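Chemist: Below are the structure tokens for one structure; questions will follow.
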Amino acid sequence: MFDALKQKWNRKKLTDERFAFLFDAPPENEVVVFDCETTGLDPKRDDIVSIGAVKIRENRILVNEALHIFVKQSRQISHESIAIHHIRHCDLNDAVSIEEAMERFLYFIGSRTLVGYFLEFDLAMINKYIKPMIGITLPNRREELSAIYYDRKIPMIPQGNIDLRFNTIIKDLSLPELQAHDALNDAVMTAMAYLKLTQKHYT
0 MFDALKQKWN RKKLTDERFA FLFDAPPENE VVVFDCETTG LDPKRDDIVS
50 IGAVKIRENR ILVNEALHIF VKQSRQISHE SIAIHHIRHC DLNDAVSIEE
100 AMERFLYFIG SRTLVGYFLE FDLAMINKYI KPMIGITLPN RREELSAIYY
150 DRKIPMIPQG NIDLRFNTII KDLSLPELQA HDALNDAVMT AMAYLKLTQK
200 HYT
């Protein structure tokens, strides 16, 4: 009841009708897994450098339809950030504006459920740009990978001392480790973990 009222209120606040599809019924058996690489961990102060996203449809990761966007930066990227994601300012010569990146991201996700690791942070970064553009934050349903992992592990470890670090989850699930801190690679690894945790097959 409350969720329905919230969605109705958000729909009224939408200022750009091109994105009314965000409120459509989501496609059956589809979710989008995404990840952002950023200049830091403060959504108010830092910026998005790249976005990676993949769709899961019928328990299959559609890597051939993946989204991988690099975003132009108005400021030099710090050495600390480069040390993490290895994206330098000179690597962004063919990058797009944040406005174009957000539009492409919205058309890609549609009304699908969003899945991610440390999803609250990535959503805060996305919403920082989305709200001024369309008047609302993302209305999509969301699922946090670490929460799903915790729920699966807690019956086996009642004392609750569960390591929720991303690389620990990937290793524990016996999944291949791709190059870390690459937005698309992280999205693909998260998608594999999500499928395994939800007892679905993955490819």
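Numbering that gives the first Met the number 0 puts the first residue of the sequence shown at 0, with every later residue one more than the last.
Quick reminder that beta carbons are idealized off the backbone N, C-alpha and C, glycines included.
These numbers come from a predicted model, not from an experiment.
Are the beta-carbon atoms of Val70 and Val48 separated by less than 7 angstroms?
Modeler: yes
Chemist: Using only the alpha-carbon positions, how far apart do Asn160 and His85 sit?
Modeler: 33 angstroms
Chemist: Return the chain-ordered list of same chain residues with a C-beta closer than 6 angstroms to the C-beta of Glu143, the five sequence neighbours on each side being excluded.
Modeler: Leu118
Chemist: Which residue or residues does DSSP assign as beta-bridge partners of His180?
Modeler: Paired residue(s): none; His180 is not in a bridge.
Chemist: Going by C-alpha to C-alpha distance, which of Arg151, Phe22, Met188, Ser80 sits closest to Asp41?
Modeler: Taking each of Arg151, Phe22, Met188, Ser80 in turn and checking the Cα distance to Asp41, the smallest one comes out for Ser80.
Chemist: If you draw a straight line from the C-alpha of Glu36 to the C-alpha of Asp121, how long is it?
Modeler: 9 angstroms
Chemist: Assign Ser80 to one of three DSSP states: helix, strand, or coil.
Modeler: helix
Chemist: Hey, would you say Lys12 sits closer than 7 angstroms to Ile135, going by beta carbons?
Modeler: yes
Chemist: Give the secondary structure of Arg141 by DSSP, where H, G and I count as helix, E and B as strand, and everything else as coil.
Modeler: strand
Chemist: Thinking C-alpha only, which one of Gly39, Asn58, Val95, Glu102 is nearest Phe18?
Modeler: It is Glu102.
Chemist: For my contact list, Ile76 and His67 are in at a C-beta cut-off of 8 angstroms; report their separation, rounded to the angstrom.
Modeler: So it is not a contact: roughly 18 angstroms between Cβ atoms.
Chemist: Take Thr202 and list the residues in its own chain whose beta-carbon comes closer than 7 angstroms to its own, dropping the five residues that flank it on each side.
Modeler: Bear in mind that a pLDDT of 40 at Thr202, under 50, signals an unreliable position, so the model cannot answer this.
Chemist: Which class does Ala94 belong to by DSSP, given the choice of helix, strand or coil?
Modeler: coil
Chemist: Along the chain, where does the beta strand (DSSP E) that runs through Ala52 open and close?
Modeler: 47-56
Chemist: Since Gln91 and Phe33 are thought to touch, with beta carbons under 8 angstroms apart, how far apart are those beta carbons, to the nearest angstrom?
Modeler: The question names Gln, but residue 91 is Leu in the sequence shown. Their Cβ separation, rounded to whole angstroms, is 19 angstroms, which puts Leu91 and Phe33 out of contact at 8 angstroms.
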